[in-house]
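Undergrad: Quick one: the structure is below, questions incoming.
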Amino acid sequence: MRVHEIIIFCFLFCVSFNAFSHNPEDFVIAEIERGQMNFENEEIAAEYGAALKRQRARRLAAMPLYKKFYIFVKAGFEHIIPQGLDHILFVLGLFFSCITFRSLLWQVTAFTVAHSITLVLAAQGLVQLRGDIVEIIIALSIVWIAVENCLYKETSKWRYLVVFSFGLLHGLGFAALLTQYGLPKENFISLLLAFNIGVEFGQLAVLVIAFLLIKLVLRKNWYSNQIKIPASIIIALVGLFWFVERVFQF
Amino acid sequence: MRKLVFISALLLIVACQQESKMDPNINPFFQSWDTAYEVPPFMDIKDEHYMPAFKKGMEENLSDIDEIVNNSEAPTFSNTIEELERTGKLLGKVSRVFSNLASSNTNPQLQELQRELSPMLSAHYDKISLNEELFKRVEAIWQDKDAIELTSEQRKLLNDTRKQFVRSGALMNEKEKKQITEINSKISGLSTSFGQNLLAETNGFELILENSDLDGLSEGIIAAASEAASQKMEKAETKEEGEKYKDKFVFTPHRSSMYPFLTESTRRDLREQLYNSYVMRGDNNNETDNKEIAAQIAKLRAERAEIMGYKSHAHFVLDDNMLKTPEEVYDLLTKLWEPAVKRAKVEIADMQAVADAEGQVFEVAAWDWWHYSEKVRKEKYNLDESAIKPYLSLDNVLEGVFSTTNKLWGLSFTEIFDIDLYHPDARIWEVKDKDGSHLGIFIGDYFTRSNKRGGAWMSSFKGQSNLDGRERPIIVNVCNFPAPVGDKPALLSFDNVVTLFHEFGHAMHGTLTDVTYGSMAGTSGPRDFIELPSQLLEHWASEPEVLKSFATHYETGEAIPDDLIDKLLNASKFNQGFINTEYLAASLLDMDWHSISAEQAQQLDANKFESESLKKYGLLDEIAPRYRTTYFAHIFSGGYSSGYYSYVHAAVLDSDAFEAFKEAGDVFDAELSLKLRETIYSKGSTEDAMDLFVNFRGRKAIIEPLLKVRGLDGSK
């Protein structure tokens, strides 16, 4: 019965987030979505993409710094909620694995530090990895964490290292998106920071929401086999699905 | 469980927030646009919205007309002529958006729609212009015109409205009317096919080059061609097809791709290939051939003119112009022809001298013109186009044209960043008057792309009128400047700059307009007049004072050096023999195609007709007309038939008008600027065009300032 409720809830949760639409003020972000438009003629699409970049640069150049900062915080946040369903699941995977709050905190910190490192390196063009490969391994990382949740009762010592390495990988994923946004040269560092802050807020929001739901709605300790195992199975299955999907797109 | 439902509901409510004010379930054309400045809600308009909107628009238009006709009161200016101005609002709304996007951002669906709509619309407008009851009311008012009190603007509107009916055949009998309707709809369909064939023909040829074929080409040109190739490669449907572009370089008969190649490439064989692909467009005896279509259009036009009681289509068209007869036009063109050809011959001799000095054994041909004229230019005028370009970034030039209109009329432009247009390269500004009041909206869409028609033009998304409150216009300029490659800014050639000023002149004509009746606003005047406001503005682009103010180097910020300006202006007289000859040849070709009687127009072979016509005037082998028949879209799919001469006619006007500023000793003379705005730019077609010019200049225009400007006066 409980499991049943969780599934319904998760479904509604995801559906409602997917239905979020952007504030029309936020053109820099809205454009990226519009950039996905399907043109029959790829030459036109390529021209359109180049034009979008120019428009983005013009609009950004015309904005005061605080507004740019806000936009990049928001972009970072939105890359977790609602766009980054894979990152949400990964963070939830960490969430369900932890006996103590302290352990959760350390894991999330390791993840954050790691993806901040690769985000900075990739944004400066120092590290590069093909986007589609990154996406595949990100899917795999979700499966890994979730499966580990089911197999082991306690978090292993290696866990932090694993989480850290996956963090490096997720950072590359964020960077790919950030490149699409086009970071203006003049405010490179501050806007990169803004984007990262947004990502952290997004992660934090996922954890807080998950915590509140389980604590208040289900009146359970977050570490409970009744929740941990089924939730992790769902996460693993979704991760597996993405993995297969992305491998076939590869 | 209750909490669960509660929270879920909350999330769904948040999720369902709709930001767009438009109802997505209703066709945007059927809703009022409470967008900023009433800019069309491009993001909500989908291809499938046009047809229903056109159909309903036409219906509404006809029922509006019925209401006027069925008015039991006796016809008056206000219940008939003025009411006519108010009809067809929805149709106007959808037509403006559609015709703009079908040219500047088209796709196969829009092209298909265009094919379908074109005859429907022409039949629709015929229903109105051939509506007898409506004409009776107009005629009754017109007969009574001396007895009623009207403003001069109203009087002009009454005359124009009546004339339109008469020109559409209101005085004809039933049989004749039916013939006209049929002819109009046929012409309309043929015109659309002509334009579409031309687009297909221009996109249909590509010169794919190896690394070893790039002799003479500069870095930027090569980069653009390489980019073109990799885009083609990505676009290719099969891998093998894509392979043929791998590590290659592509040039096309699009002018922005062809001209740089013809100028720089030292490979004569390749120049010939690319040049021929350009001049043979529509003349390849394939399914997109335009020869028969052009001949058919000319024939139908001649037949129509005959039914209307005119000797030829040209007589019919010119009856409404500033120059009133073909004789006047031929007189103007032939007067200019001699000095132009004479100058062109000198230019050929100059080029041959360069070729001979190189040790070439050939005689300079048409496809050599750009290459060798560039060499002559470098030698005699010592000007390197690529040395100028860094000073002419698009943003600088825009700055320049904005500040020119600021100095002339006190206008100011503020770019708006939070309105989405139909394409991300289109930019939008609010135009404010001297006193800070809103004057209009300006949209600039400057870069070339494959779903944009070639050339440059001005159009509008909303017209100006003061009939029911102050309605200010939304004007658009569309150009085909090469898009920037990578992170570099877009750098224009000086020709591009002149084009930009030209279109901006039209835009000013459309923006400064301040008339009561929308149908007389802005660029509604006769063909041979409306190029005056555009060409006049070009003169400021080449004023050293103006040029210096905006042409700063995009990297160093340094202003364009004086000696570069001198060279530039000196060079602007260069190649005028060619430019005028190719233009005049096209103008004469246009006049010839449209001065024939219906009888002469039967069974014409387009190529034979063209070559005989050009031979008659003595066109040089080294020069093709600016447009050959099969790609002369101005006259066969645009509205310039018997009107291509109007550019040079307007040039006579604009050179003479600018001469007034020269005489005043200040190109921004305050009094003269104001007079220019009041007598020409704000007037639309509320007065006879010749009167407008005379009001400004104090006399009719003379030809001498133009000959001087173009270096055709024998002084060089």
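Going line by line, the protein sequences match chains A and B.
Per my numbering, the first sequence starts with residue 267, numbered consecutively.
Per my numbering, the second sequence starts with residue 106, numbered consecutively.
For every residue, glycine included, the Cβ atom is placed at its ideal position computed from N, Cα and C.
Under 9 Å Cβ-Cβ, which residues of chain D neighbour residue 328/A?
TA: Here the protein chains are A and B, and chain D is not one of them.
Undergrad: With 8 Å as the C-beta to C-beta threshold (strictly closer), list the residues of the segment 329–342 of chain B near chain A in chain order.
TA: 336, 337, 339, 340
Undergrad: If you drop the 5 nearest sequence neighbours on each side, which residues of the same chain put their C-beta closer than 7 Å to that of residue 136/B?
TA: 127, 128
Undergrad: What do you get for residue 379/A, buried or exposed, if any count of 16 or more other CB atoms within 10 angstroms of its CB means buried?
TA: exposed
Undergrad: Which stretch, first to last residue, makes up the alpha helix (DSSP H) that contains residue 613/B?
TA: 599–617
Undergrad: Do you know offhand how far residue 498/A's Cα is from residue 506/A's?
TA: C-alpha separation (whole angstroms): 12 Å.
Undergrad: In the DSSP output, which residue or residues are listed as bridge partners for residue 531/B?
TA: Residue pairing by DSSP puts residue 531/B in a beta bridge opposite 550/B.
Undergrad: Give me, in chain order, the residues of the same chain whose beta-carbon lies closer than 7 Å to that of residue 352/A; leave out the 5 immediate sequence neighbours on both sides.
TA: 404, 405, 408, 508
Undergrad: With distances taken between CB atoms, is the gap from residue 557/B to residue 210/B smaller than 9 Å?
TA: yes
Undergrad: Under 8 Å: do the segment 227–236 of chain B and the segment 763–779 of chain B share three or more Cβ pairs, one atom per stretch?
TA: Contact fails: fewer than three Cβ-Cβ distances are below 8 Å.
Undergrad: Starting from residue 493/B, follow its DSSP beta bridges and name the residues at the other end.
TA: BP columns for residue 493/B are empty, so no partner.
Undergrad: Which whole-angstrom value is the C-beta distance of residue 562/B and residue 782/B, which I expect to be below 8 Å?
TA: Contact flag wrong, Cβ pair sits at about 23 Å.
Undergrad: To the nearest angstrom, how far is it from the Cα of residue 289/A to the Cα of residue 332/A?
TA: Low per-residue confidence applies at residue 289/A: pLDDT is 29, beneath 50, and the placement is therefore not dependable, though the value from the model is reported in the following sentence. When rounded, the distance between both Cα atoms is 17 Å.
Undergrad: Could you tell me which of 174/B, 733/B, 687/B sits nearest to residue 446/B, measuring between CA atoms?
TA: 687/B
Undergrad: Would you verify that the beta carbon of residue 515/A is, or is not, closer than 9 Å to some beta carbon of chain B?
TA: Residue-level contact check: residue 515/A does not touch chain B, since none of the beta carbons of chain B fall below 9 Å from its beta carbon.
Undergrad: What are the start and end residues of the beta strand (DSSP E) that includes residue 127/B?
TA: Looking at the DSSP string, residue 127/B is not in any beta strand (DSSP E), and its letter there is neither H nor E.
Undergrad: In three-state DSSP terms, what is residue 417/B?
TA: coil
Undergrad: Could you list the residues in the segment 389–400 of chain A with a C-beta less than 8 Å from some C-beta on chain B, going in chain order?
TA: none
Undergrad: Express the C-alpha separation of residue 216/B and residue 533/B in angstroms, rounding to a whole number.
TA: 26 Å
Undergrad: If we cut at 9 Å on Cβ distances, does residue 502/A have a partner in chain B?
TA: no
Undergrad: Quick one, which of 806/B, 819/B, 812/B has its alpha-carbon nearest residue 428/B's?
TA: Closest by alpha carbon: 806/B.
Undergrad: Would you kindly work out how many angstroms separate the C-alpha atoms of residue 324/A and residue 520/B, rounded to a whole number?
TA: 10 Å
Undergrad: Looking at the strands, I want to know which residues DSSP matches up with residue 312/B.
TA: 356/B
Undergrad: The beta strand (DSSP E) spanning residue 416/A covers which residue range?
TA: Run containing residue 416/A: none in the beta strand (DSSP E); it sits in the alpha helix (DSSP H), 397–417.
Undergrad: Residues in the segment 579–599 of chain B with C-beta within 8 Å of chain A's C-beta atoms, listed in sequence order?
TA: 588, 589
Undergrad: Please tell me whether residue 700/B and residue 529/B are closer than 9 Å, where the distance is taken between their beta carbons.
TA: no
Undergrad: Is it buried or exposed for residue 110/B, if we count other Cβ within 10 angstroms and need 16 for buried?
TA: Confidence at residue 110/B is low in this model, with a pLDDT of 42, below 50, so its placement is unreliable and the value that follows should be read with caution. The residue in question, residue 110/B, is exposed, as its Cβ has fewer than 16 Cβ neighbours within 10 Å.
Undergrad: Considering only the beta carbon of each residue, do residue 544/B and residue 526/B sit closer than 9 Å?
TA: no
Undergrad: Can you tell me where the beta strand (DSSP E) with residue 520/B in it begins and where it stops?
TA: 517–521
Undergrad: Please state whether the Cβ-Cβ distance between residue 87/B and residue 681/B is less than 9 Å.
TA: As displayed, chain B neither begins before 106 nor continues past 821, which places residue 87/B out of reach and without an answer.
Undergrad: Give me the Cα-Cα distance between residue 269/B and residue 449/B, rounded to the nearest whole angstrom.
TA: Each residue's Cα considered, the two are about 42 Å apart.
Undergrad: Between which two residues does the beta strand (DSSP E) containing residue 563/B stretch?
TA: 562–567
Undergrad: Out of 494/A, 495/A, 376/A, 449/A, state which residue places its alpha-carbon closest to the alpha-carbon of residue 390/A.
TA: 449/A
Undergrad: Here's a check: name, in chain order, each residue in its chain whose Cβ is nearer than 6 Å to the Cβ of residue 746/B, leaving out the five neighbours to either side.
TA: 699, 740
Undergrad: Give the straight-line distance between the Cα atoms of residue 439/A and residue 297/B, rounded to the nearest whole angstrom.
TA: 48 Å
Undergrad: Of all Cβ atoms in chain B, is any one closer than 9 Å to the Cβ of residue 312/A?
TA: yes
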